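K.L.:
Okay, so the sequence shown: first residue is 1 according to the UniProt record's numbering, each after it adds one. Handing you this structure, nothing more for now.
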Amino acid sequence: MDKIEHITVATNGINMHLASIGTGPVILFLHGFPELWYSWRHQLLHLSSLGYRCVAPDLRGYGDTDAPESASQYTGLHVVGDLIGLLDAFGIDQVFLVGHDWGAMIAWYLCLLRPDRVRALVNLNVAFMARHPKTINPMEVLKSIYGEDYYACRFQEPGPGEIEKDFAQVGTAKMLRIFFSSFGPKPLIVPKETGFRGIPDPPCLPPGFSEEDINFYANKFSQKGFTGALNYYRAINQTWDLMAPWIGVKIQVPVKFIIGDQDINYHLPGLKEYILNGGFKKDVPRLEEVVVMGGVAHFPNQARPEEVSEHIYSFFKKLQVSNNNPRANSATSSLNGNRVSDLAHLHAL
């Protein structure tokens, strides 16, 4: 960890903190909620040792990066702008891209808006949600499935407000333990009457997390609070509206997708079928590999860091070899660790 360098870069009107290590082709890592650059610590060390320059920022609103106050400043377009400014500051034309959770959402937006800056993408846990003319916004979908007490719906309340007060009463470290333990197959429901105060402290930490890790996150969130992180949820419908010009546009970079079979996202009604039966491939034509990790919930990069690092490395390395060898083998898909040649078996929903 001591070898990781930390710098601050001015980009898109904010100061962005990032961690960096290694030399070679650049891999840009984007974290999710409630995470930081630190979520990629294992991958930074592993992949930098294999000849990559690994860069992981604290996204807008998180950690040591600036946190604009208004939720309207947290749309996908704002955060993509931050990343383009970051790449320009270092003179980086293209990156290999890795995202998780909200970082995965931002990665999809970056590939959609600026595919010229992305060589390939490995995305974790959040599938591409294409903007179709007749679909409703994401929060209305979640509310219709899980009700108004679903945690993401509760985050829609304007802030800083009641949710932040609830968090403060619970305490930062306990809130983090709740979040890192709660995104399994069952939805996180938070009744307004009891709030997060009514959720007991998890009896143990989930796989991949130590008290030292919780303390690292808690120290940073205690300094800045959770409002910046919550603002991504509060801006999600605004982003949906802004993406109307890209209706029908598909993701046109090579993609590998990884998801845990115990993750809440994998259990959204219809999503498993979308991922495995062709809908996902239709919206992401260059989807080359799908990996469903058995027994893993929402944080595979921390629960099984070596395995995830190897998945990232094998995909990017294969593409580098393919670029040098036009006769390289065609793409494969991996389900629960068993490789299935050719994605032709996937049919549109």
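Backbone N, C-alpha and C fix where the C-beta goes; we use that ideal spot for every residue, glycine too. This one's a predicted model, so the numbers in the text were calculated from it and none came from an experiment.
K281: which of T75, K250 and L268 sits nearest, CA to CA?
P.N.:
Measuring from the Cα of K281, the nearest candidate turns out to be K250.
K.L.:
Among the residues of its own chain, which have a CB less than 8 angstroms from the CB of L242, if the five just before and after it don't count?
P.N.:
Around L242: T75, G76 and L77.
K.L.:
Would the stretch 154–171 and the stretch 121–136 be scored as touching if the rule is three or more Cβ pairs under 8 angstroms?
P.N.:
Touching, no, given that fewer than three Cβ pairs across the two stretches are closer than 8 angstroms.
K.L.:
Please give the ranges of any beta strand (DSSP E) in the stretch 112–169, keeping only runs that are unbroken, at least 3 residues long and fully inside the region.
P.N.:
For the stretch 112–169, whole beta strand (DSSP E) runs of length 3 or above, ordered along the chain, are 118–124.
K.L.:
Along the chain, where does the beta strand (DSSP E) containing F96 start, and where does it finish?
P.N.:
First-last of the beta strand (DSSP E) with F96: V95 to H100.
K.L.:
Can you list, in chain order, the residues of its chain whose CB lies under 8 angstroms from that of G159, leaving out five sequence neighbours each side?
P.N.:
Hits under 8 angstroms: A71, T227, L230, N231 and R234.
K.L.:
Within this structure, are the beta carbons of D101 and N125 separated by less than 8 angstroms?
P.N.:
The answer is yes: Cβ separation under 8 angstroms.
K.L.:
In the DSSP assignment, what residue or residues form a beta bridge with G260?
P.N.:
Beta-bridge pairing links G260 to M293.
K.L.:
As a quick exercise: from P269, R286 and P202, pick the residue whose alpha carbon is nearest that of R119.
P.N.:
Checked all of P269, R286 and P202; the closest Cα to R119 is R286.
K.L.:
For V308, collect the residues of the same chain with a Cβ closer than 6 angstroms to its Cβ; drop the 5 residues on either side in sequence, then sort them by chain order.
P.N.:
Here the set comprises P300 and N301.
K.L.:
Per the contact definition of three or more C-beta pairs closer than 8 angstroms, is the stretch 172–189 in contact with the stretch 204–220?
P.N.:
Yes: the two stretches touch, three or more of their Cβ pairs being nearer than 8 angstroms.
K.L.:
Using the C-alpha atoms, what's the distance from G294 back to D261?
P.N.:
Taking the straight line from one Cα to the other gives about 5 angstroms.
K.L.:
Taking just the CA atoms, how far does S322 sit from A328?
P.N.:
Note that A328 scores a pLDDT of 34, beneath 50, so its modelled location is shaky; the value from the coordinates is reported in the next line. Spanning the two alpha carbons is a distance of roughly 5 angstroms.
K.L.:
According to DSSP, simplified to helix, strand and coil, what is V255?
P.N.:
Strand, per DSSP.
K.L.:
Which residue's Cα is closest to the Cα of D66: D82, Y38, V55 and G51?
P.N.:
Among D82, Y38, V55 and G51, the Cα nearest to that of D66 is on D82.
K.L.:
Provide the residue(s) that pair with L30 in DSSP beta bridges, ordered along the chain.
P.N.:
In DSSP, L30 forms a bridge with G99.
K.L.:
How big is the Cα-Cα spacing for T23 and S49?
P.N.:
Going by the C-alpha atoms only, they are around 9 angstroms apart.
K.L.:
Hey, could you find the ends of the alpha helix (DSSP H) E273 is sitting in?
P.N.:
Residues L271 to L276.
K.L.:
Less than 8 angstroms between the beta carbons of P187 and Y150, yes or no?
P.N.:
Yes, they are a contact pair.
K.L.:
Quick one: residues in its chain with C-beta nearer than 8 angstroms to the C-beta of R114, no 5 flanking neighbours on either side, listed in chain order?
P.N.:
Only V80 and I84 meet the Cβ criterion.
K.L.:
Assuming V255 and E288 make a contact with CB atoms under 8 angstroms, what is their CB distance in whole Å?
P.N.:
Confirmed, Cβ separation roughly 6 angstroms.
K.L.:
Does the contact criterion of 3 or more C-beta pairs under 8 angstroms hold for the stretch 49–59 versus the stretch 14–30?
P.N.:
Segments in contact, yes.
K.L.:
Do R60 and I14 have their C-beta atoms closer together than 8 angstroms?
P.N.:
Yes, Cβ-Cβ distance for R60 and I14 is below 8 angstroms.
K.L.:
What are the partner residues of S20, as DSSP defines its beta bridges?
P.N.:
Answer is E5 and V55.
K.L.:
Looking only at its own chain, which residues have a Cβ that is under 6 angstroms from the Cβ of A19, when we skip the five neighbours before and after it?
P.N.:
Here the set comprises I4, H6, W37 and A56.
K.L.:
Mapping the DSSP letters down to three states, classify E306 as helix, strand or coil.
P.N.:
Looking at E306 - three-state DSSP - the assignment turns out to be helix.
K.L.:
Is the beta carbon of F316 closer than 8 angstroms to that of residue 359?
P.N.:
Lying before the first or after the last residue shown, residue 359 is absent from the chain, which here runs from 1 to 349.
K.L.:
Is there at least one Cβ from chain D nearer than 8 angstroms to I275's Cβ?
P.N.:
Chain labels in this structure do not include chain D; a single protein chain is all it has.
K.L.:
With H, G and I counted as helix, E and B as strand and the rest as coil, what does DSSP make of L188?
P.N.:
In this structure, L188 counts as coil in the three-state DSSP scheme.
K.L.:
For a test of the three-state rule: what should DSSP assign to E69, helix, strand or coil?
P.N.:
E69 falls in the coil class under three-state DSSP.
K.L.:
Taking the straight line between their C-alpha atoms, what separation do you get for R154 and P202?
P.N.:
One C-alpha to the other measures close to 21 angstroms.
K.L.:
Run through DSSP, which three-state label would I14 get?
P.N.:
Here I14 sits in strand by DSSP.
K.L.:
Do V98 and L176 have their beta-carbon atoms positioned less than 8 angstroms apart in this structure?
P.N.:
Cβ distance not < 8 angstroms, so L176 and V98 don't count as in contact.
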